[in-house]
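Asker: Per our numbering, the sequence shown runs over residues 6 to 402.
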Amino acid sequence: MWRRFGSFERSVRLLMVNQFAINIGFYMLMPYLAGHLSGGLHLAGWTVGLVLGVRNLSQQGLFLLGGTLADRLGYRPVIIAGCLLRTAGFALLGFVDAVPALVAASAMTGFAGALFNPAVRAYLAHDSGQRRVEAFALFNVFYQAGILIGPLLGLALMTVNFQLVCAAASAVFAVLTVLQLLALPPRGTRGEARAGVLADWRTVAGNRPFLLFSLAMAGSYVLSFQLYLALPLELGDTGAVSLLFVVSALVAIAGQLRITEWARGRWSGPQAVVRGLTLMAIAFVPLMAPAPDGLRTAEVMACTVLLAVGGALTYPFEMDTVVTLSKERLVATHYGLYNTVAGIGITAGNLLVGAMLGGSRVWIVLTVVGSLCALAVSMLNRAGVLAAEAVPAQAGP
Numbered sequence: 006m007w008r009r010f011g012s013f014e015r016s017v018r019l020l021m022v023n024q025f026a027i028n029i030g031f032y033m034l035m036p037y038l039a040g041h042l043s044g045g046l047h048l049a050g051w052t053v054g055l056v057l058g059v060r061n062l063s064q065q066g067l068f069l070l071g072g073t074l075a076d077r078l079g080y081r082p083v084i085i086a087g088c089l090l091r092t093a094g095f096a097l098l099g100f101v102d103a104v105p106a107l108v109a110a111s112a113m114t115g116f117a118g119a120l121f122n123p124a125v126r127a128y129l130a131h132d133s134g135q136r137r138v139e140a141f142a143l144f145n146v147f148y149q150a151g152i153l154i155g156p157l158l159g160l161a162l163m164t165v166n167f168q169l170v171c172a173a174a175s176a177v178f179a180v181l182t183v184l185q186l187l188a189l190p191p192r193g194t195r196g197e198a199r200a201g202v203l204a205d206w207r208t209v210a211g212n213r214p215f216l217l218f219s220l221a222m223a224g225s226y227v228l229s230f231q232l233y234l235a236l237p238l239e240l241g242d243t244g245a246v247s248l249l250f251v252v253s254a255l256v257a258i259a260g261q262l263r264i265t266e267w268a269r270g271r272w273s274g275p276q277a278v279v280r281g282l283t284l285m286a287i288a289f290v291p292l293m294a295p296a297p298d299g300l301r302t303a304e305v306m307a308c309t310v311l312l313a314v315g316g317a318l319t320y321p322f323e324m325d326t327v328v329t330l331s332k333e334r335l336v337a338t339h340y341g342l343y344n345t346v347a348g349i350g351i352t353a354g355n356l357l358v359g360a361m362l363g364g365s366r367v368w369i370v371l372t373v374v375g376s377l378c379a380l381a382v383s384m385l386n387r388a389g390v391l392a393a394e395a396v397p398a399q400a401g402p
């Protein structure tokens, strides 16, 4: 892994470390925010839901705007602005107690994610060139490592108080802001005349192959999100729930590069995505039959492993396909809309899953959703929709 990491140019390496630190800072704080709001500040349940919901809405709802800003202003300033905004937002969350201020801080942290998520992925795709799949695979290793370490650091700091957690998370993003100001080269602007924002949005919305692929993949995000919803509720025990996240992250960290290399030697990108989605659908099959508590825990862990392997198989090729379908034009805007479609899918899917929890129907439905996603991507691939020819990458300024 370290040999491959060193083989990429400095900007790509910095983006990977950047994402590692972003996830450490985010997951250091967010798992403990609800407890602070309800237990520390004694806010009503609806208020806690409002604060948390505003963060999710401001991120998912503004991905398209964040991607557009990245394409128009350049990736670097938007990434820096996102880190700076999250520095302020996380600091506020620990040191304000008025509901309007908490809502504002939550919105800031969400919009920060909407700014740097599409920009980072577009920047990574630009600078990794023909090694995009390999770069996204290694990127996911750093991504998952941050998810693994962040909550552990947050738990240790929570033994002091929540304010220390917020200060530490804010400091992580402050350091990232300075690091990128000093070391991240400008990318993303080509100095050419451009149409207005609405024209850019019409261009992306008119990209039929991209839209079809986005819709086909939306269900996969519903499946992966069950690591946060259905599977923890199925376990109930807090210690076992923590193990879910550890197992999922470790599978990706240990297996991502091997899985990607193995798949590249056998299948095209879309074919690998189809097989990854199929594996994610199969993951829920063991949970369909009732089982004793001890065996149930083993079944949930098996589901988690299969979801993680399926996600590791899918992710690098999925990200590469988005760039291919964009024809390397308005890449960040394409990623922004892709994330927005995924967010809508997660919201709709979770409403459906929530209504069916407590029986075997939910696992059957999730398996069907994953199977339909795999079938849809397979049909698009066979029809030649996903074989759009990418234009040569533009040189950086």
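Cβ atoms here follow ideal geometry from the backbone N, Cα and C, with glycine treated the same way.
Where does N166 fall in DSSP's three states?
Answerer: Looking at N166 - three-state DSSP - the assignment turns out to be coil, as it is neither helix nor strand.
Asker: Excluding the five sequence neighbours on either side, which residues of its own chain have a C-beta within less than 8 Å of the C-beta of V358, listed in chain order?
Answerer: V227, Q231, L234, A235, V367, V370 and L371
Asker: Ignoring anything shorter than 4 residues or poking outside the stretch 26 to 112, list the alpha helix (DSSP H) runs there in chain order.
Answerer: 50 to 65, 68 to 78 and 80 to 100
Asker: Please check the pair S225 and M293, which I expect to be a contact at CB under 8 Å, by giving their CB distance rounded to whole angstroms.
Answerer: About 20 Å separates the two Cβ atoms, so there is no contact after all.
Asker: Roughly how many angstroms separate the alpha carbons of L98 and R91, rounded to a whole number?
Answerer: 10 Å
Asker: So C171 packs on L34, CB below 8 Å; how close in whole Å?
Answerer: Between the beta-carbon of C171 and that of L34 there is about 6 Å, and that keeps the pair under the 8 Å contact cut.
Asker: Using CA atoms only, rank isn't needed, just tell me which of L38, P123, L89 and G50 is closest to L70.
Answerer: P123
Asker: Considering only C-alpha positions, which residue in the set P295, P321 and F167 is nearest to G364?
Answerer: P295
Asker: Per DSSP, what kind of secondary structure is M6 in: helix, strand or coil?
Answerer: coil
Asker: Nearest-angstrom Cα distance between G341 and L129?
Answerer: 15 Å
Asker: Only counting the same chain, and skipping five residues up and downstream in sequence, which positions put a Cβ closer than 7 Å to that of E304?
Answerer: P291, L292 and A296
Asker: So, S12 versus V59, is the Cβ gap smaller than 7 Å?
Answerer: Contact: no.
Asker: Among F141, S253 and R269, which one has its Cα closest to the Cα of A307?
Answerer: S253
Asker: Please classify P214 as buried or exposed, where buried requires at least 16 other C-beta atoms within 10 Å of its C-beta.
Answerer: buried
Asker: Rounded to whole angstroms, what's the CA-CA distance from P397 to E333? Just pull it up for me.
Answerer: Since pLDDT at P397 reaches only 41, below the 50 mark, its modelled position is unreliable, and the value read off the structure follows with that caveat. Their backbone Cα atoms lie some 8 Å apart in a straight line.
Asker: When DSSP labels each residue in this structure, what does W272 get in the three-state scheme?
Answerer: coil
Asker: Pairs of beta-carbons, one from the stretch 150 to 162 and one from the stretch 260 to 273, closer than 8 Å: are there three or more?
Answerer: no
Asker: Taking all protein chains shown into account, do 16 or more other C-beta atoms lie within 10 angstroms of the C-beta of R280, making it buried, or fewer, making it exposed?
Answerer: buried
Asker: Just to check my reading of the structure: L187 and I85 have Cβ atoms closer than 8 Å, yes? What is that Cβ distance to the nearest angstrom?
Answerer: Wrong, their Cβ atoms sit about 10 Å apart, outside the cutoff.
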